[in-house]
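Enquirer: Listed in order, the protein sequences are those of chains Z and L. Plus 67 on top of the position in the first sequence (first one is 1) and you've got my numbering. Plus 14 on top of the position in the second sequence (first one is 1) and you've got my numbering. Have a look at the structure that comes next, please.
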Amino acid sequence: MNADSIAALLSEKFGEKILGSKIDGLNPWSVVAPAEIPDVCRFLRDDDRLLMDHLECLAGVDYKDRIEVVYIMYSMKHRHRYALKCRLPREAPRLRTVESVWGVANWHEREAYDMVGVVFEGHSDFRRILLPDDWEGYPLRKDYKFPTSYRDMPV
Amino acid sequence: MQVEYSGDVMTLNMGPQHPSTHGVLRLELKTDGEVVAEAIPHIGYLHRCFEKHAENIEYPGVVPFTDRMDYCAAMNQELGYVLAVEKLMGIKVNNRVRCIRIIMAELNRIASHLIAAGTYGNDMGSFTPFLWCFRDRETILDIFEETCGARLLYNYNWIGGLMFDVKSGFEKKVVDFINYFEPQVDNLNTLLSDNYIFIKRTANVGIMSPELALSYGVTGPNLRGSGVKFDVRKDEPYLGYDQLDFDIPVGLGEHGPVGSCWDRYMVRIREVKESCKIIRQAAAQMTPGDVQESIPKRIKPAAGEVYMRTECPRGELGYYIVSDGTLKPYRVKVKSPCFTVMSAFREISRGAMIADIIAILGSVDVVLGEIDR
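Dropping the structure here:
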């Protein structure tokens with residue numbers, strides 16, 4: 068399926084829960100209402116026309132006025148790719164986990180929390196992954212202040 | 015696997031400094047005697063926040079940083095990045111650049127798989143294959159050194175071209191190496207792959223089912239070891255890989271269930287031979303040309319985003335790049351194949367013996383520099 072028909076299918080199925088789409092770029096995407104993300108992901112994985120069984124990438128991006136979480140997924144059977152985006156407020160970005168849809172989301176979500184500070188509700192093992200547990204701040208936020216020391220050690 | 019535990023569970027730390035973790039990795043093992051109830055990986059010891067660095071330097075300056083992720087296959091790492099930026103900017107490279115890039119990527123794949131096979135043999139108690147593998151890898155590093163001056167971290171692939179053209183006689187040197195090297199693979203099979211002890215140690219251990227592998231986003235040789243025939247070079251081709259003739263080896267389960275450590279190991283050995291085929295064809299297709307003719311004066315992609323993945327020795331390496339129309343990338347996210355396979359480690363190691371943890375870890379062939387970035 069091409070990006071046009073995937074976007075149309077999503078709009079048809081989820082109606083106003085799909086807040087917008089951009090399908091003419093190199094990486095076509097749809098914006099999804101944050102509360103709906105597990106359902107949309109499950110639909111994308113299980114529907115016979117889509118079968119997005121491979122979550123390729125889950126990235127948090129700080130756009131200064133909002134945080135976006137980008138899910139890039141691919142179908143091994145149909146050989147097509149599509150991206151979903153969730154726009155979240157910067158002060159308290161919260162989403163529901165998609166760990167039950169793709170196992171790999173477990174670590175990707177921990178990384179998104181570690182780097183950008185998105186909290187994933189319902190996650191089975193929610194803690195930092197790359198940085199130490201007592202690290203302060205989220206490095207990939209655009210306003211991140213670099214610490215000068217960590218536990219009295221200069222960084 | 016379901017295992018009954020006595021309830022008397024002891025925590026054992028393996029790493030971060032442990033010879034078989036191939037880098038700085040800590041595995042928290044919950045053991046019941048010799049049986050591992052749970053192996054929890056703790057990563058991040060090599061974290062340098064490459065993605066933050068990338069946001070603060072201009073596009074071409076990111077290339078050397080990508081080298082330092084998977085330092086065993088730096089050519090492939092930078093290739094993925096430059097292809098992503100080229101896709102974002104719509105740059106097309108000429109045939110010479112394409113052929114040299116393919117040769118370099120495949121040579122580096124051979125070098126990387128040689129490290130994987132050699133150290134895996136070493137982990138399993140056989141030291142000779144390690145020396146044989148490193149001896150042959152040395153010739154590849156010599157070719158790299160002659161071309162770009164570096165043996166490990168190359169900065170050779172540039173956005174739109176290459177750092178230098180290859181020296182005269184390069185094709186001959188490469189083909190000579192392949193002619194010498196192909197029989198060596200058979201020697202390695204005699205010495206290690208078909209070795210009775212080696213098979214006993216690996217063939218029934220660390221079974222990864224195709225469903226588990228797909229759910230955990232496992233890619234590359236580890237996925238193919240589970241019998242899934244998927245290779246980005248064939249299935250979503252870049253650099254014209256689809257015009258080259260080569261096979262995609264998958265795990266066949268000759269010595270036990272499909273998806274065992276031995277299958278993953280063997281996929282790499284068979285891939286090395288396919289790489290030899292590719293290099294031969296690419297060397298024959300080389301045409302004269304200027305390797306720097308497509309390098310833009312100013313690398314300033316229009317606002318937009320791209321996701322590009324390439325087949326690295328350890329799996330699919332994906333770059334998600336967001337551009338805001340300035341000289342520096344707004345966001346570079348790397349999807350590391352080692353990261354995803356490490357997230358499945360807990361599943362495939364459940365119920366294994368402590369000694370088998372080493373067999374499983376060696377068979378998935380991770381490089382910690384890429385996991386931690």
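Cβ coordinates follow ideal geometry from the N, Cα and C atoms, glycine included.
1) For Tyr321(L) versus Gly332(L), is the C-beta spacing smaller than 8 Å?
2) Which residue comes first and which comes last in the alpha helix (DSSP H) that contains Asn122(L)?
3) Could I get the ranges of all uninterrupted alpha helix (DSSP H) runs contained in the stretch 127 to 184 of chain Z, with 4 residues as the minimum, in chain order?
4) Do you know offhand how far Asp394(L)'s Cα is from Val246(L)'s?
5) Alpha carbon to alpha carbon, what distance is there between Asn70(L) and Val136(Z)?
6) Look at Leu125(Z) and His190(Z) and say whether their C-beta atoms are less than 8 Å apart.
7) Taking Val378(L) as part of the alpha helix (DSSP H), name the residues at either end of that continuous run.
8) Considering Thr142(L), what are the terminal residues of the alpha helix (DSSP H) in which it resides?
9) Give the straight-line distance between the Cα atoms of Ile134(Z) and Ala100(Z), rounded to the nearest whole angstrom.
10) Along chain Z, which residues have their Cβ under 7 Å away from the Cβ of Ala51(L)?
11) Relative to chain L, which residues along the stretch 116 to 136 of chain Z have a C-beta separation below 7 Å, given in chain order?
12) Per DSSP, which residues does Ile335(L) bridge with? Please list them.
13) Please name the residues in the stretch 315 to 342 of chain L whose beta-carbon is closer than 8 Å to at least one beta-carbon of chain Z, in chain order.
14) Using 10 angstroms around the beta-carbon of Gln31(L), count the other beta-carbons present and answer buried if the total reaches 16, otherwise exposed.
15) Which residues, in chain order, does the stretch 157 to 171 of chain Z contribute to contact with chain L at a C-beta distance below 9 Å?
16) What distance in whole Å lies between the Cβ atoms of Leu226(L) and Glu52(L), which are believed to be in contact at a cut-off of 8 Å?
17) When you compare the CB of Gly58(L) with every CB in chain Z, is at least one pair closer than 8 Å?
18) Arg163(Z): which of Asp71(Z), Ser97(Z), Val185(Z), Thr215(Z) sits nearest, CA to CA?
19) So does the stretch 151 to 171 of chain Z actually touch the stretch 330 to 349 of chain L, counting three or more Cβ pairs closer than 8 Å?
20) Among all the DSSP beta bridges, which residues are the ones paired with Tyr217(Z)?
21) Mind listing the chain L neighbours of Asp206(Z)? Cutoff is C-beta to C-beta under 9 Å, in chain order.
22) Just by C-beta distance, which residues in the stretch 69 to 96 of chain Z are closer than 7 Å to chain L?
23) Starting from the Cα of Lys131(Z), find the closest Cα among Arg218(Z), Lys209(Z), Phe213(Z) and give me that residue.
24) Which residues share a DSSP beta bridge with His67(L)?
25) Can you give me the start and stop residues for the alpha helix (DSSP H) that Pro351(L) sits inside?
26) From the DSSP secondary-structure annotation, give me the bridge partner or partners of Arg40(L).
27) Against Gly239(L), what residues of chain Z qualify as contacts under a CB-to-CB distance less than 8 Å, listed in chain order?
28) Give the interface partners of Asp386(L) over in chain Z, defined as CB-CB distance under 7 Å, in chain order.
29) If you follow the alpha helix (DSSP H) that Gly239(L) is part of, which residue opens it and which one closes it?
30) At a CB-CB cut-off below 7 Å, which residues of chain Z make contact with Tyr230(L)?
31) Which partner residues of His268(Z) appear in the DSSP bridge assignment?
32) Please name the residue, chosen from Lys186(L), Glu92(L), Ser140(L), that lies closest to Leu202(L) on a Cα-to-Cα basis.
33) Check whether chain L comes within 8 Å of Met220(Z), counting only Cβ atoms and requiring the distance to be less than that.
34) Going along the chain, which residues of the stretch 242 to 267 of chain L sit with their C-beta nearer than 9 Å to a C-beta in chain Z?
35) With distances taken between CB atoms, is the gap from Ala358(L) to Val219(L) smaller than 8 Å?
36) Measuring only the C-alpha atoms, how far is Phe184(L) from Leu122(Z)?
Expert: This is what the structure gives:
1) As a first step, residue 321(L) is located in the second sequence; it is residue number 307 there, counting from the start. As a first step, residue 332(L) is located in the second sequence; it is residue number 318 there, counting from the start. The Cβ-Cβ distance between Tyr321(L) and Gly332(L) falls below 8 Å.
2) The sequence position of residue 122(L) within the second sequence is 108, counting from 1. For Asn122(L), the uninterrupted alpha helix (DSSP H) run begins and ends at 109 to 137, by DSSP.
3) Correct list: 172 to 183.
4) Residue 394(L) lies beyond the stretch modelled for chain L, which goes from 15 to 387, so this question has no answer here.
5) Residue 136(Z) sits at position 69 when you count from the first residue of the first sequence. Residue 70(L) sits at position 56 when you count from the first residue of the second sequence. About 21 Å.
6) Sequence index remark: in the first sequence, residue 125(Z) carries index 58 (1-based). Sequence index remark: in the first sequence, residue 190(Z) carries index 123 (1-based). No, the pair does not count as a contact, with Cβ atoms beyond the cut-off.
7) Along the second sequence, read from residue 1 onward, the residue named residue 378(L) stands at position 364. Looking at the DSSP string, the run of the alpha helix (DSSP H) that includes Val378(L) is 368 to 378.
8) As a position in the second sequence, residue 142(L) is number 128, starting the count at 1. Here the alpha helix (DSSP H) through Thr142(L) covers 142 to 162.
9) As a first step, residue 134(Z) must be located in the first sequence, where it is residue number 67. As a first step, residue 100(Z) must be located in the first sequence, where it is residue number 33. In this structure, the CA atom of Ile134(Z) is about 13 Å from the CA atom of Ala100(Z).
10) Mapped onto the second sequence, residue 51(L) falls at position 37. For Ala51(L), there are no C-beta contacts with chain Z under 7 Å, since the nearest C-beta of that chain is about 16 Å from it.
11) Listed in sequence order: Asp120, His121, Leu122, Glu123, Cys124, Ala126, Val128.
12) In the second sequence, counting from the first residue as 1, residue 335(L) sits at position 321. Listed as beta-bridge partners of Ile335(L) by DSSP are Val320(L), Val346(L).
13) Taken in chain order, the members of the stretch 315 to 342 of chain L whose beta-carbon sits within less than 8 Å of a beta-carbon on chain Z are Gly318, Glu319, Val320, Tyr321, Arg323, Glu330, Gly332, Tyr334, Val336.
14) Within the second sequence, the letter at position 17 stands for residue 31(L). By the neighbour-count rule (16 or more Cβ atoms within 10 Å), Gln31(L) is not buried but exposed.
15) Under the 9 Å Cβ criterion, the stretch 157 to 171 of chain Z contributes Val168, Trp169, Gly170, Val171.
16) Here residue 52(L) refers to the residue found at position 38 when the second sequence is read from its first residue. Here residue 226(L) refers to the residue found at position 212 when the second sequence is read from its first residue. Actually they do not touch by this definition, with Cβ atoms about 16 Å apart.
17) For the purposes of this step, residue 58(L) is taken as residue 44 along the second sequence, with counting starting at 1. Yes, contact with chain Z.
18) In the first sequence, the residue the question calls residue 163(Z) occupies position 96. The shortest Cα separation from Arg163(Z) among Asp71(Z), Ser97(Z), Val185(Z), Thr215(Z) belongs to Val185(Z).
19) Taking 8 Å as the limit for Cβ pairs, the verdict is that the stretch 330 to 349 of chain L does not touch the stretch 151 to 171 of chain Z.
20) Taking the first residue of the first sequence as position 1, residue 217(Z) is located at position 150. DSSP, once it has assigned bridges, lists Met220(Z) as partnering Tyr217(Z).
21) As a position in the first sequence, residue 206(Z) is number 139, starting the count at 1. The sequence shown places Pro at residue 206(Z), not Asp. Correct list: Cys63, Glu65, Lys66.
22) Answer set for the stretch 69 to 96 of chain Z: Gly92, Leu93, Asn94.
23) Counting from one through the first sequence, the residue named residue 131(Z) turns up at place 64. Of the candidates Arg218(Z), Lys209(Z), Phe213(Z), the one whose C-alpha sits nearest the C-alpha of Lys131(Z) is Lys209(Z).
24) Sequence index remark: in the second sequence, residue 67(L) carries index 53 (1-based). Note: His67(L) sits in no beta bridge, so no partner.
25) Against the second sequence, residue 351(L) aligns to sequence position 337. Here the alpha helix (DSSP H) through Pro351(L) covers 351 to 357.
26) For the purposes of this step, residue 40(L) is identified with residue 26 of the second sequence, where counting begins at 1. Looking at the DSSP assignment, Arg40(L) forms a beta bridge with His56(L).
27) Sequence index remark: in the second sequence, residue 239(L) carries index 225 (1-based). Correct list: empty, because the minimum Cβ distance to chain Z is about 16 Å.
28) Position 372 of the second sequence, counted from the start, is the residue given in the question as residue 386(L). Simply Leu197.
29) Position 225 of the second sequence holds residue 239(L). Run containing Gly239(L): 235 to 239, per the alpha helix (DSSP H) assignment.
30) Residue numbering aside, residue 230(L) sits at position 216 when the second sequence is read from its first letter. Against Tyr230(L), the close residues of chain Z are Gly170, Val171, in the order they occur along the chain (beta-carbon pairs closer than 7 Å).
31) This structure gives no information on residue 268(Z), because the portion of chain Z shown stretches from 68 to 222.
32) The residue you call residue 202(L) lines up with position 188 of the second sequence. With distances taken between CA atoms, Leu202(L) lies nearest to Ser140(L) out of Lys186(L), Glu92(L), Ser140(L).
33) For this step, residue 220(Z) is matched to residue 153 along the first sequence. So, not an interface residue.
34) Taking a C-beta cut-off of 9 Å against chain Z, the contacting residues of the stretch 242 to 267 of chain L are Val242, Phe244, Asp249, Glu250, listed in chain order.
35) Looking up residue 358(L) in the second sequence gives position 344. Looking up residue 219(L) in the second sequence gives position 205. Result no, Cβ atoms of Ala358(L) and Val219(L) do not sit closer than 8 Å.
36) Taking the second sequence and counting its residues from 1, the one referred to as residue 184(L) is at position 170. Taking the first sequence and counting its residues from 1, the one referred to as residue 122(Z) is at position 55. So the alpha carbons of these two residues sit roughly 40 Å apart.
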